[in-house]
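2 protein chains.
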Amino acid sequence: MKHSPLVQGLIDAFTCLPGVGPRSAQRMAYHLLERNREGGGHLAEALTSAMEGVRQCSRCRNFAERDLCPICLDSRRDQSQVCVVSSPADVLAIEHSGEYRGRYFVLLGQLSPIDGMGPRQIGLDQLEQQIQAGDISEIILATGTTVEGEATAHYILEMVHGTAVTVSRIAQGVPMGGDLEFVDGATLAHAFRGRRPV
Amino acid sequence: MKHSPLVQGLIDAFTCLPGVGPRSAQRMAYHLLERNREGGGHLAEALTSAMEGVRQCSRCRNFAERDLCPICLDSRRDQSQVCVVSSPADVLAIEHSGEYRGRYFVLLGQLSPIDGMGPRQIGLDQLEQQIQAGDISEIILATGTTVEGEATAHYILEMVHGTAVTVSRIAQGVPMGGDLEFVDGATLAHAFRGRRPV
Ligand SMILES: [Zn+2]
Ligand SMILES: [Zn+2]
Numbered sequence: 048m049k050h051s052p053l054v055q056g057l058i059d060a061f062t063c064l065p066g067v068g069p070r071s072a073q074r075m076a077y078h079l080l081e082r083n084r085e086g087g088g089h090l091a092e093a094l095t096s097a098m099e100g101v102r103q104c105s106r107c108r109n110f111a112e113r114d115l116c117p118i119c120l121d122s123r124r125d126q127s128q129v130c131v132v133s134s135p136a137d138v139l140a141i142e143h144s145g146e147y148r149g150r151y152f153v154l155l156g157q158l159s160p161i162d163g164m165g166p167r168q169i170g171l172d173q174l175e176q177q178i179q180a181g182d183i184s185e186i187i188l189a190t191g192t193t194v195e196g197e198a199t200a201h202y203i204l205e206m207v208h209g210t211a212v213t214v215s216r217i218a219q220g221v222p223m224g225g226d227l228e229f230v231d232g233a234t235l236a237h238a239f240r241g242r243r244p245v
Numbered sequence: 048m049k050h051s052p053l054v055q056g057l058i059d060a061f062t063c064l065p066g067v068g069p070r071s072a073q074r075m076a077y078h079l080l081e082r083n084r085e086g087g088g089h090l091a092e093a094l095t096s097a098m099e100g101v102r103q104c105s106r107c108r109n110f111a112e113r114d115l116c117p118i119c120l121d122s123r124r125d126q127s128q129v130c131v132v133s134s135p136a137d138v139l140a141i142e143h144s145g146e147y148r149g150r151y152f153v154l155l156g157q158l159s160p161i162d163g164m165g166p167r168q169i170g171l172d173q174l175e176q177q178i179q180a181g182d183i184s185e186i187i188l189a190t191g192t193t194v195e196g197e198a199t200a201h202y203i204l205e206m207v208h209g210t211a212v213t214v215s216r217i218a219q220g221v222p223m224g225g226d227l228e229f230v231d232g233a234t235l236a237h238a239f240r241g242r243r244p245v
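So the protein lines, in turn, are chains U and A.
So the first sequence is numbered by our numbering: it starts at 48 and just counts up by one.
So the second sequence is numbered by our numbering: it starts at 48 and just counts up by one.
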């Protein structure tokens, strides 16, 4: 069946969401059009506001609406302890574990020269500045166990070499080759407690 | 973890979609913010356009962007044969079956006095006008097998009584108490071929 252009456009647009194929997208479009146009309008506004208003924290590169994110602004957290992760979703997973009370540094990617991802593209120059400035006493590497995650961890380790910064790496319980965001909170909490100096 | 207001607003807004709970909503919001802001902006535009621009066909009440929907405008379809369904999603399911070449009448609901859904609320006055005007030679009832669906079918049967309109009802293959939109195309095609006069 051929949908009218606006309906088809909405169905196509929904497929940009993770895990949403043409059939789910169609159900979403029909559901809103039939039963919840107000919700659809509200979702449009929330999308526009977030896509335009959510920027990066100037210190940790996580999502932020102001210059600094809520975690970097939180004086009850140890701002000298820095956990390095690949993505904001990883921050979320670790926060859910409830184990960690330091701050983060979010790479928004991993070292992958073949894809044009060098140290600058993932903010490692910025992390180096923070190390040189003496702002960081401990780094916890949580960049994952993929080839790129290992390469990224190795690069940071070299960077820290010769400074007073302690480096450890979350290890136990993180599945091989997996993304942190799919790991449950208890496993992540365990991995944090079991971290080892490298 | 407390999200920033715009991120939390986006997560909440995503839960208006069918089958999307807080966890999926969070993944959707993070996915767009991390990896596809353009797609997010595009989805916002498609939502706004569709919620504002998709209206009802003046003849069959299905989704339409102009006065008449594509099916009511299609001269290759038998415009005197009318299949009565509850929702646009039912139209879609029947169109996918590829069996039916008439047009539709979409109730956008079912008779349910307790919920304030009387004959006028589901457009039965409009259907009656079309019957009285002699525009309809055959009605196929596909209002489903729920109590409300049965009540709706019964009401239409009474309405047609004493006119020359033939009435049949799709029967075989439609599961009891189920929504048409979840029925596969082959089953629906079978149900159409097996329709019986009532
Ligand atoms: Zn921050
Ligand atoms: Zn129509």
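Every residue, glycine too, gets a C-beta built ideally from N, C-alpha and C.
Keep in mind it's a predicted model, so treat the numbers as computed, not measured.
Contact test: residue i Cβ vs ligand 1 heavy atom, cutoff 7 angstroms
{"i": "I118/U", "result": "yes"}
{"i": "A236/U", "result": "no"}
{"i": "A111/U", "result": "yes"}
Alpha-carbon to alpha-carbon, residue j and residue i
{"i": "L154/U", "j": "V131/U", "result": "7 angstroms"}
{"i": "M75/U", "j": "G88/U", "result": "13 angstroms"}
{"i": "H78/U", "j": "A60/A", "result": "14 angstroms"}
{"i": "V207/A", "j": "T62/A", "result": "42 angstroms"}
{"i": "L174/U", "j": "H201/U", "result": "14 angstroms"}
{"i": "A97/U", "j": "I186/U", "result": "30 angstroms"}
{"i": "D182/U", "j": "S71/U", "result": "47 angstroms"}
{"i": "R148/U", "j": "D172/U", "result": "24 angstroms"}
{"i": "Y151/A", "j": "T95/U", "result": "36 angstroms"}
{"i": "A250/A", "j": "L139/U", "result": "In the structure as shown, chain A begins at 48 and stops at 245. Residue 250/A is therefore absent and cannot be evaluated."}
{"i": "G170/A", "j": "N109/A", "result": "11 angstroms"}
{"i": "I217/A", "j": "L80/U", "result": "26 angstroms"}
{"i": "T213/U", "j": "T199/U", "result": "17 angstroms"}
{"i": "P65/U", "j": "E205/A", "result": "48 angstroms"}
{"i": "R113/A", "j": "H143/U", "result": "49 angstroms"}
{"i": "R102/U", "j": "Q177/U", "result": "20 angstroms"}
{"i": "R231/A", "j": "R240/U", "result": "Reading off the sequence, residue 231/A comes out as Asp, not Arg. One C-alpha to the other measures close to 51 angstroms."}
{"i": "Q126/U", "j": "C104/U", "result": "14 angstroms"}
{"i": "D121/U", "j": "N83/U", "result": "38 angstroms"}
{"i": "V54/A", "j": "D162/U", "result": "28 angstroms"}
{"i": "K49/A", "j": "E197/A", "result": "48 angstroms"}
{"i": "V67/A", "j": "V67/U", "result": "11 angstroms"}
{"i": "P160/U", "j": "S133/A", "result": "56 angstroms"}
{"i": "R20/A", "j": "S215/A", "result": "The question about residue 20/A has no answer here: the residues shown for chain A are numbered 48 through 245."}
{"i": "G86/U", "j": "P69/A", "result": "15 angstroms"}
Heavy atom of ligand 2 within 7 angstroms of residue i beta-carbon
{"i": "L115/A", "result": "yes"}
{"i": "A136/A", "result": "no"}
{"i": "C104/A", "result": "yes"}
{"i": "C130/A", "result": "no"}
{"i": "C107/U", "result": "no"}
Cutoff 7 angstroms; reference residue i; Cβ partners in own chain excluding five residues on either side
{"i": "R106/U", "result": "L115, C119"}
{"i": "M164/A", "result": "G156, Q157, L158"}
{"i": "R124/U", "result": "I118, R148, G149, R150"}
{"i": "S51/U", "result": "none"}
{"i": "T210/U", "result": "I178"}
{"i": "G100/A", "result": "E112"}
Local Cβ density within 10 Å of residue i, reported as buried at 16 or more and exposed below that
{"i": "D137/U", "result": "buried"}
{"i": "A180/A", "result": "exposed"}
{"i": "I248/A", "result": "Residue 248/A lies beyond the residue range present for chain A, which begins at 48 and ends at 245; the question has no answer from this structure."}
{"i": "F229/U", "result": "exposed"}
{"i": "I141/U", "result": "buried"}
{"i": "Q246/U", "result": "What is shown of chain U runs 48 to 245, which leaves residue 246/U out entirely."}
{"i": "E195/A", "result": "buried"}
{"i": "A93/U", "result": "buried"}
{"i": "A238/A", "result": "buried"}
{"i": "A189/U", "result": "buried"}
{"i": "P269/U", "result": "This structure cannot speak to residue 269/U, because chain U is shown only from 48 to 245."}
{"i": "G56/U", "result": "buried"}
{"i": "G191/A", "result": "buried"}
Same chain only: Cβ atoms within 6 angstroms of residue i, ignoring 5 sequence neighbours per side
{"i": "Q128/A", "result": "G149, E185"}
Own chain partners of residue i with C-beta closer than 8 angstroms, once the 5 adjacent residues on each side are dropped
{"i": "P166/U", "result": "L158, D172, Y202"}
{"i": "G145/U", "result": "G232, A236"}
Neighbouring residues, chain C, relative to residue i (Cβ below 8 angstroms)
{"i": "G56/U", "result": "Here chain C cannot be found, since the structure's protein chains are U and A."}
Under 8 angstroms (Cβ pairs) to chain U, residues found in the region 151-164 of chain A: L155
The region 101-114 of chain A: positions lying closer than 8 angstroms to chain U by Cβ: V101, F110, A111, E112
Residues of the region 190-207 of chain U with Cβ closer than 7 angstroms to any Cβ of chain A, in chain order: none
Interface positions of the region 70-86 of chain A facing chain U (Cβ-Cβ less than 8 angstroms), listed along the chain: S71, Q73, R74, M75, A76, Y77, H78, L79, L80, E81, N83, R84, G86
Under 7 angstroms (Cβ pairs) to chain U, residues found in the region 120-152 of chain A: Taking 7 angstroms as the cut-off between beta carbons, the residues of the region 120-152 of chain A near chain U are S134, P135, A136, L139, E142, H143, in sequence order.
Residues within the region 86-98 of chain A neighbouring chain U, beta-carbon criterion of under 7 angstroms: G86, G87, G88, H89, L90, A91, A93, L94, T95, S96, A97, M98
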